[in-house]
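Trainee:
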Amino acid sequence: MDGELPADEAERIIKGCCGSEELKAKWQAYHLIGEALRGEAAPRGASTRRIMEAIAQEPTVLAPPPRRASASAGRIAFAAAASVATVAVVGWIGMQDSAAPTGPVIAKSATVAPKAVPVAAANVVPMHNMNEYLV
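Printed below as a string of structure tokens:
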């Protein structure tokens, strides 16, 4: 099949397979699988006929289609109640934060920034020994 076995050993195994109908069927099935994996065209013949006969012999299952799970009225009511409760809690918290102040409202005075004063170096004496480092 794939050239891995020496010729004499392969011949002995093939002769052994040809002696039994069960081994012949397995041999054909494995060859068919290999051809399908390699993308080779499968021969139309006995194997196709056998498969179609096996499908025809299978019993037909007459079962109703599965019903979709519908939401019950209790689940819908619970979801609506949870939504109303959430809106009520958020509204309650919002009303607590925005309560009117009890005392008079007084405007705060603006703070004035100090003026910027220029800074000057006083009495800078150059160091003559640093001249050799300057370019």
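No gaps in the numbering here: position 118 of the sequence shown is 171 in my numbering, and each next residue is one more.
Quick reminder that beta carbons are idealized off the backbone N, C-alpha and C, glycines included.
1. Would you say residue 100 and residue 85 are within 8 Å of each other, going by their C-beta atoms?
2. Which same chain residues end up closer than 8 Å to residue 62 when comparing Cβ atoms and leaving out the 5 residues on each side of it in sequence?
3. At what residues does the alpha helix (DSSP H) containing residue 120 begin and finish?
4. Tell me whether the beta-carbon of residue 71 lies closer than 8 Å to the beta-carbon of residue 79.
5. Start and end of the alpha helix (DSSP H) containing residue 76?
6. At what residues does the alpha helix (DSSP H) containing residue 63 begin and finish?
7. Please report the straight-line C-alpha distance between residue 148 and residue 137, rounded to a whole angstrom.
8. What would DSSP say about residue 113, mapped onto helix, strand or coil?
Mentor: From the atom records:
1. Counting from 1 along the sequence shown, the entry for residue 100 is found at position 47. Counting from 1 along the sequence shown, the entry for residue 85 is found at position 32. Taking C-beta atoms as the reference points, residue 100 and residue 85 count as a pair closer than 8 Å.
2. In the sequence shown, residue 62 corresponds to position 9, counting from 1. Nothing meets the Cβ criterion.
3. One-based indexing of the sequence shown puts residue 120 at position 67. Careful: residue 120 lies outside any alpha helix (DSSP H) and carries neither H nor E.
4. Your numbering for residue 71 matches position 18 in the sequence shown. Your numbering for residue 79 matches position 26 in the sequence shown. The answer is no: Cβ separation not under 8 Å.
5. Start at 1 with the first residue of the sequence shown, and residue 76 comes out as number 23. Run containing residue 76: 74–91, per the alpha helix (DSSP H) assignment.
6. For the purposes of this step, residue 63 is identified with residue 10 of the sequence shown, where counting begins at 1. Where residue 63 is concerned, the enclosing alpha helix (DSSP H) stretches over 60–71.
7. As a working note, residue 148 is residue 95 in the sequence shown. As a working note, residue 137 is residue 84 in the sequence shown. Looking at the backbone, the Cα of residue 148 and that of residue 137 are separated by about 16 Å.
8. If you number the sequence shown from 1, residue 113 lands on position 60. Reduced to three states, the DSSP call for residue 113 is coil.
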